[in-house]
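Numbered per mature numbering (1 follows the signal peptide of the UniProt record, and there is no 0), the sequence shown spans residues -19 to -1, 1 to 539.
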Amino acid sequence: MSPLLLLIFFVSLLPNTYPISAPSFPLFTNSRWIVDSTGQRVKLACVSWAAHLEPVAAEGLSKQPVDFVAKKVVDLGFNCVRFTWAVQMVTNASVGSITLRQSLLQLGLNESVAGVSVNNPELLDLNLVQVYQEVVAALARSNLMVILDNQLSKPGWCCSRYDGNGFFGDEYFDTDEWLSGLKIIATMFTSTPNVVGMSLRNEFRGPNQNLTLWYRYIQEGAEVVHSANPNLLVILSGLNFDLDLSFLLLKQTTLSFTNKLVYEIHWYEFSNGADWENGNQNNVCASVVKSTLLRGGFLLEQGWPLFLSEFGFDQSGTHLADNRYLTCFLSVTAEWDLDWALWALQGSYYLRDGQVAYDDESYGLLTRDWCKARNPSFVKRISALQSPLQGPGLSNKNPYNLIFHPLTGLCVVMDSPSKPLQLGPCADSKAWNYTSDGKLVVKGTSYCLQSVNLGKNAKIGTDCSKPNSKWELLSNSSMHISSKLHKTGTLLCLDIGSDGTIITNRCKCLFENGTCSPESQWFKIILSNKDITRGDSNLALPLVASWLSKLLLLGFWR
């Protein structure tokens, strides 16, 4: 068996070690953090559940009971569902007032009717608004938080530049109707504490985008939601398919409230063109992280929460560019300790893009029968990021470092100085200090990480003055942790053995093209238990400031 297959097997044996604690509602914001009513950091670890397509109902009700699906979300370590909706569900009586049975039958979905009658018979003859409410109630029974996400106005698959749903004034995007829908939905859930936030609109797009209307109507929509339900977090999306919030560098929104305001951004592999297929991964990761910082990451430095409300990848594991993107994505999400939502929960659809019983959503967390995780190894990888690493309420210990391995979602773990270092759950990781002179010291001890030789296990030693105790972050990705052998000057990088132990090998892919994979040698030194009220200096705000003049010169402001 190859080393990679052995590693995947090793990872598959590890349990999900992160319990989900129930926050005290309602939620607020404290600078860049989302917190509960006690001031404790609440990290949104969400999965998106679609209910905005033509049937106007949560996908999968024909596959499994709704309580089974909600429990499955919890079992997979998520604490939140981003639940989508279409405006016409609540503003157009001919849409929202028909029953689920009628909605499915008028689309010719007889098989879906049969499935719902078996798995969720109590929902079949409720109207579509009531079905939506019942799904929210099921999520509440499983103690899941809910973000209500307005995907579009006219029900259907989202999104394209010319679908008429992209921007204020488009064919199906009537602004008054949208504001009315926001008010209705926000009011509908005033007595539902687990509904913690509302995203005003998904992925503004299309040729009619402009900042004047964005500021005018996004601020009006935010005030409508806050007035109707002041308990909700109000989540604002940017332009260009929610890839761009850079205009907020020049002008912030003006609202009557601030401690409920969250911004959201999306990031997929295809957001970066063909870079992941062709480029050196170290360079591509560095480039797209810089781009993400400039497009919206700077908000964290400015003291605003940033919700990465959509990311996703082909969970079949066969898409090379997606796999490369994901490893970089996980490193950034860990370092910035972002709130996030995976696209998507559903393993199948009643109807998508004209195809009945679309039963292979490769981005779906669940299998086509909604019974289990489509990609169990991904669930293990994401588990380390389902609990907060930083923020208010985590200040009972001094800040320290974790050595995170994004390819596996594990951290460097030390059982004892005499045993080999291994990858293991980050909750079991020792605390490290990465010192200013390049030492990786086990916190509170005199032990430090040392290289030995090519292909040998890294070790824990006590004489930290030796040259093999110094570690430098190499490559544009800053994820190669390297040390030089004193006698030969050979440059070695941390790597993983087939048994999950930490070894050192020659540093790879520092300069090679896209055919080379450095991911086994990618380690991210991240900060944990850090209680701060402003952003993290690792986000390089000076870099953002330097781009401000460039945006002005390019005439970006309209």
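No residue lacks a Cβ here, since even glycine has one placed at the ideal position from N, Cα and C.
Exercise. Going by Cα to Cα distance, which pick from Glu316, Val97 and Ala74 is closest to glycine 41?
Worked result: Val97
Exercise. How about the stretch 211 to 228 and the stretch 172 to 187: do they share at least three Cβ pairs that are nearer than 8 Å?
Worked result: yes
Problem set entry | Assigned secondary structure, methionine 395 (DSSP; H/G/I helix, E/B strand, else coil) | coil
Exercise. How big is the Cα-Cα spacing for glutamate 201 and leucine 475?
Worked result: 52 Å
For this session: Determine, using beta carbons only, whether glutamine 315 and isoleucine 15 come nearer to each other than 8 Å.
Result: Glutamine is not the amino acid found at residue 315; the sequence shown has alanine there. No. Outside cutoff.
Exercise. Are the beta-carbon atoms belonging to alanine 325 and leucine 346 less than 8 Å from one another?
Worked result: yes
For this session: Taking the CB atoms as reference points, tell me whether leucine 332 and phenylalanine 292 lie closer together than 8 Å.
Result: no
For this session: Return helix, strand or coil for alanine 439, following the three-state DSSP convention.
Result: Coil, per DSSP.
Exercise. Start and end of the alpha helix (DSSP H) containing alanine 267?
Worked result: 262 to 273 is the extent of the alpha helix (DSSP H) around alanine 267.
Problem set entry | Backbone secondary structure at methionine 169 - three-state DSSP | helix
Exercise. How is the beta strand (DSSP E) around arginine 487 delimited, first residue to last?
Worked result: 483 to 487
Problem set entry | Beta-carbon contacts of lysine 232 that lie in its chain and below 6 Å, excluding the five residues immediately before and after | none
Exercise. DSSP on tyrosine 306, reduced to helix/strand/coil?
Worked result: helix
For this session: Could you tell me the distance, in whole angstroms, from the CA atom of isoleucine 246 to the CA atom of arginine 186?
Result: Rounded to whole angstroms, the separation of the alpha carbons of arginine 186 and isoleucine 246 is 13 Å.
Exercise. Pick from Cys429, Asn438 and Met460: whose alpha carbon is nearest that of proline 448?
Worked result: Cys429
Problem set entry | Per-residue DSSP class, three states only, for serine 312 | helix
Exercise. Run through DSSP, which three-state label would glutamine 69 get?
Worked result: helix
For this session: Have a look at Ser456, Tyr381 and Glu250 and flag the residue whose alpha-carbon is nearest the alpha-carbon of glutamine 412.
Result: Note that residue 412 is alanine in the sequence shown, not glutamine. Per the Cα distances, Tyr381.
For this session: Could you spell out where the alpha helix (DSSP H) holding tyrosine 153 opens and where it closes?
Result: Looking at the DSSP string, tyrosine 153 is not in any alpha helix (DSSP H), and its letter there is neither H nor E.
Problem set entry | Reduced DSSP category for glutamate 453 - H, G, I as helix; E, B as strand; rest coil | strand
For this session: Return the first residue and the last residue of the alpha helix (DSSP H) that valine 23 is part of.
Result: Segment: none, valine 23 is in no alpha helix (DSSP H) and carries neither H nor E.
For this session: For arginine 276, count neighbouring C-beta atoms within 10 Å of its own C-beta (all shown protein chains included) and say buried if the count is 16 or more, exposed if not.
Result: buried
Exercise. Excluding five sequence neighbours on each side, which residues of the same chain lie with their C-beta closer than 7 Å to the C-beta of glycine 419?
Worked result: If we look at glycine 419 and ignore the five residues flanking it on each side, its Cβ neighbours are Lys451, Trp452 and Glu453.
For this session: Please name the residue or residues paired with phenylalanine 64 in a DSSP beta bridge.
Result: Trp30 and Leu129
Exercise. Residue range of the alpha helix (DSSP H) that tyrosine 244 falls in?
Worked result: Taken as a continuous stretch (DSSP letters only), tyrosine 244 belongs to no alpha helix (DSSP H), being part of the beta strand (DSSP E) at 242 to 247.
Exercise. Going by DSSP, which residues form a beta bridge with glycine 178?
Worked result: Ile128 and Leu214
Problem set entry | Which of helix, strand or coil DSSP assigns to histidine 461 | Histidine 461 falls in the strand class under three-state DSSP.
Exercise. For leucine 133, which option in Ile79, Asp106, Glu92 and Met70 has the closest C-alpha, if you only look at C-alpha atoms?
Worked result: Met70
Problem set entry | isoleucine 363: first and last residue of the uninterrupted alpha helix (DSSP H) it sits in | 357 to 364
Problem set entry | CB of lysine 189 within 8 Å of CB of leucine 120, strictly | Rather than lysine, the amino acid found at residue 189 in this sequence is asparagine. Taking 8 Å as the Cβ cut-off, asparagine 189 and leucine 120 do not qualify as a contacting pair.
Exercise. Taking just the CA atoms, how far does threonine 171 sit from leucine 194?
Worked result: Answer to the nearest angstrom: the Cα atoms are 28 Å apart.
Exercise. Which partner residues of serine 509 appear in the DSSP bridge assignment?
Worked result: Tyr381
Problem set entry | Neighbourhood of isoleucine 513 by C-beta distance below 6 Å, restricted to the same chain and skipping five residues each side | Low local confidence applies: a pLDDT of 42 at isoleucine 513 is under 50, so the model's placement there is unreliable, with the coordinate-based value given in what follows. Closer than 6 Å at the Cβ level, and outside the excluded window around isoleucine 513, lies no residue.
Exercise. Can you tell me the Cα-Cα spacing of glycine 516 and leucine 281, whole angstroms?
Worked result: Caution applies to glycine 516, whose pLDDT of 42 falls short of 50 and renders its modelled position unreliable; the value that the coordinates give is listed next. So the two alpha carbons sit approximately 5 Å from each other.
For this session: Please name the residue, chosen from Ser432, Met460, Glu500 and Cys309, that lies closest to glycine 470 on a Cα-to-Cα basis.
Result: Ser432
Exercise. How big is the Cα-Cα spacing for phenylalanine 49 and leucine 85?
Worked result: 22 Å
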